[in-house]
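This report concerns only the one structure given below.
In our numbering, the protein residues as written are 31 to 153.
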């Protein structure tokens, strides 16, 4: 609930977009379904008050492709315009599946590059 409030205050205060942290998936202190619900409420409330289009990058990254797709479907059902996925955690096949789903259903997809530095950093 506090996270949703923070998203609302950022969007209401003038930001056009906010995003989940790439590491926020579904920890005990912030379950994904609750986070999606509170963020959607914040998103639509800020849009109605400002008259501006707003967005939030909902992190759909999950331990399985099925769970990832379940989260993306739920985001779409809520009317959220953007989902985010960590491509190194999810893998290329999961990213392709999610990209097709988003394209077919009018969602924007942000592919996050968490762990990128671990792979390509110079020693």
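Backbone N, C-alpha and C fix where the C-beta goes; we use that ideal spot for every residue, glycine too.
Because the structure is a prediction, the values reported are computed rather than measured.
### Query
Can you give the Cα-Cα distance for residue 96 and residue 55, rounded to whole angstroms?
Using only the alpha carbons, I get a separation of about 14 angstroms.
#### Entry: Nearest neighbour of residue 59, chosen from 33, 73, 140, 39 [CA to CA]
When only C-alpha atoms are compared, the closest one is 33.
### Task
Use the C-beta contact count for residue 137: other C-beta atoms within 10 angstroms, 16 or more gives buried, fewer gives exposed.
Taking all protein chains in view, the Cβ of residue 137 is crowded by 16 or more other Cβ atoms within 10 Å, so the residue is classified as buried.
#### Entry: Those residues which DSSP pairs with residue 89 across a bridge
Looking at the DSSP output, residue 89 bridges to 114.
### Task
Output the boundary residues of the alpha helix (DSSP H) element that contains residue 75.
First-last of the alpha helix (DSSP H) with residue 75: 62 to 80.
### Task
Pull up the distance between the alpha-carbon of residue 57 and that of residue 51, whole angstroms please.
In a straight line, the C-alpha of residue 57 is about 12 angstroms away from that of residue 51.
### Query
Which class does residue 47 belong to by DSSP, given the choice of helix, strand or coil?
If DSSP states are grouped into helix, strand and coil, residue 47 belongs with the strands.
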